[in-house]
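Residue 5 is where the sequence shown starts when you use the numbering used here, and the numbers rise one by one after that.
Structure, as structure tokens:
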Amino acid sequence: MNNKIRYANLIFVIRGEKVKLTKRLNTIADLVNRNSIVADVGTDHGYIPKYLIEKEIAKLVIATDISKGSLEKTINYIKEEDLSEYIITRLGNGLQPIKPFEVDTVIIAGMGGLLIVDILEESKDKLDTYLDYILQPMVGADELRKYLLNNGFKIINDKVVREGDKFYEIIHAIRGLEIVKNEVDYEISPLWFEDGDKTWKEMMESRLSILKSVKYDLKDRDSEKSRDRLIEINDKIKIYQEVLGVED
Ligand SMILES: C[S@@+](CC[C@H](N)C(=O)[O-])C[C@H]1O[C@@H](n2cnc3c(N)ncnc32)[C@H](O)[C@@H]1O
Numbered sequence: 005m006n007n008k009i010r011y012a013n014l015i016f017v018i019r020g021e022k023v024k025l026t027k028r029l030n031t032i033a034d035l036v037n038r039n040s041i042v043a044d045v046g047t048d049h050g051y052i053p054k055y056l057i058e059k060e061i062a063k064l065v066i067a068t069d070i071s072k073g074s075l076e077k078t079i080n081y082i083k084e085e086d087l088s089e090y091i092i093t094r095l096g097n098g099l100q101p102i103k104p105f106e107v108d109t110v111i112i113a114g115m116g117g118l119l120i121v122d123i124l125e126e127s128k129d130k131l132d133t134y135l136d137y138i139l140q141p142m143v144g145a146d147e148l149r150k151y152l153l154n155n156g157f158k159i160i161n162d163k164v165v166r167e168g169d170k171f172y173e174i175i176h177a178i179r180g181l182e183i184v185k186n187e188v189d190y191e192i193s194p195l196w197f198e199d200g201d202k203t204w205k206e207m208m209e210s211r212l213s214i215l216k217s218v219k220y221d222l223k224d225r226d227s228e229k230s231r232d233r234l235i236e237i238n239d240k241i242k243i244y245q246e247v248l249g250v251e252d
């Protein structure tokens with residue numbers, strides 16, 4: 005390892021270029037237990053493995069990707085930085101390149117929630133052999149929570165981070181049983197309220213204003229579909245307003 009990586013300001017220097025480790029990636033990495041063996045599924049550029057190894061959080065990372073081109077970015081970097089002892093790369097779909105019991109932590113970040121569900125479902129038989137799942141869906145976090153909580157996972161940490169006007173939900177799940185009290189918990193995680201951080205509130209405010217503009221667009225439409233959608237949107241607005249403690 006050389007000293008090209010400077011942690012103080014979380015800037016990676018790769019091939020002379022500065023690459024900032026974003027708040028999203030930093031939050032994902034911080035959820036990983038020290039001394040873990042990690043599978044980073046859909047690694048792409050490989051920022052997560054690099055960070056986990058350089059920060060000495062993980063002792064080994066298996067970085068996988070379905071795309072040869074994506075994985076090549078990580079392979080080149082590993083060669084340049086002499087990290088091949090710590091980061092192994094494997095080409096393949098989802099968790100298929102990972103053997104049972106081979107890792108303790110699975111990271112799947114930067115994909116759609118339903119794709120993450122498919123990846124987990126396709127490897128159902130192996131899921132009990134890994135301990136921690138750190139999942140960051142770009143969309144469909146509610147679908148992912150629903151799948152997890154109905155398929156032998158419990159969510160132990162649920163974070164919202166903001167980068168500019170974008171919000172990211174990061175879910176830390178383990179195998180276990182969790183009783184879901186309300187359907188709405190899939191979309192609005194009860195764990196947000198226990199977190200001192202209030203970024204979830206900003207995300208809900210932003211979503212509420214989108215819901216209101218959808219409501220406005222629907223108000224003059226007269227099809228059955230639009231009317232059903234309007235009922236759905238109004239119900240959601242009500243829930244969001246209740247949680248946020250605001251009125252029209
Ligand atoms: C947007 S990038 C996310 C990269 C990184 N995980 C992050 O969060 O910044 C998504 C990556 O997932 C890979 N990918 C998509 N579907 C996949 C699958 N079924 N199995 C493995 N990798 C997949 C893509 O090739 C791409 O490199």
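Each residue gets a CB set at the ideal place from its N, CA and C atoms; glycine is no exception.
The structure displayed is predicted, hence computed values, not measured ones.
Residue i, DSSP secondary structure in three states
i	result
Leu-222	helix
Tyr-172	strand
Ser-40	strand
Glu-21	Because Glu-21 sits at a pLDDT of 44, beneath the cut-off of 50, its placement in the model cannot be relied upon, and the point is left open.
Limits of the unbroken beta strand (DSSP E) element including residue i
i	result
Asp-162	157-167
Tyr-137	136-141
Candidates the options: closest to residue i by CA position
i	options	result
Glu-254	Asp-162, Glu-228 and Arg-233	The requested residue 254 does not occur in the structure, where the chain is confined to residues 5 to 252.
Arg-166	Ile-61, Lys-103, Leu-153 and Glu-209	Glu-209
Asp-129	Leu-56, Leu-99 and Ile-52	Leu-99
Thr-133	Glu-60, Gly-156, Tyr-190 and Pro-53	Gly-156
Gly-50	Asp-232, Asp-221, Ala-177 and Ile-112	Ile-112
Thr-93	Gly-73, Asp-252, Gly-168 and Phe-105	Gly-73
Tyr-55	Leu-25, Lys-83, Ser-40 and Leu-124	Leu-25
Leu-64	Ser-40, Lys-158 and Ser-193	Ser-40
Thr-31	Ile-120, Gly-249, Glu-191 and Gly-114	Gly-114
Tyr-81	Asp-189, Glu-125, Asn-97 and Glu-58	Glu-58
Ser-71	Glu-60, Tyr-90 and Gly-96	Gly-96
Leu-153	Asp-224, Gly-168, Tyr-220 and Ile-175	Ile-175
Thr-68	Asp-48, Ile-61 and Leu-87	Asp-48
Ile-192	Lys-219, Ser-217, Gly-180 and Ile-159	Ile-159
Leu-135	Asn-186, Val-42, Val-184 and Glu-126	Val-42
Glu-76	Tyr-90, Gly-46, Glu-89 and Arg-211	Gly-46
Residue i at chain C interface by Cβ criterion, 9 Å
i	result
Glu-198	No chain C appears in the structure shown, which is made up of a single protein chain.
Residue interval of the alpha helix (DSSP H) (run including residue i)
i	result
Tyr-244	228-248
Lys-59	Lys-59 -> no alpha helix (DSSP H), and no H or E assigned at all.
Lys-27	27-34
Leu-251	Reading off the sequence shown, one finds Glu at residue 251, where the question assumed Leu. Segment: none, Glu-251 is in no alpha helix (DSSP H) and carries neither H nor E.
Lys-1	Lying before the first or after the last residue shown, residue 1 is absent from the chain, which here runs from 5 to 252.
Asp-122	117-126
Counted within 10 angstroms of its Cβ, other Cβ atoms place residue i as buried (16 or more) or exposed
i	result
Glu-173	buried
Gly-117	buried
Leu-29	buried
Arg-34	First, the residue type needs correcting, since residue 34 is Asp and not Arg in the sequence shown. By the 10 Å Cβ count, Asp-34 comes out exposed.
Asn-7	Residue confidence is low: Asn-7 scores 39 on pLDDT, short of 50, so the model does not pin down where it sits. No coordinate-derived value is stated.
Ser-213	exposed
Pro-53	buried
inquiry  = Just to confirm the assignment: which complete beta strand (DSSP E) runs, minimum length 3, are found wholly within the region 63-114?
reply    = Counting only runs of 3 or more, we get 91-95.
task = Jot down the residue ranges of each uninterrupted beta strand (DSSP E) in the region 170-212, minimum 3 residues, whole runs only, in chain order.
result = Correct list: 170-179.
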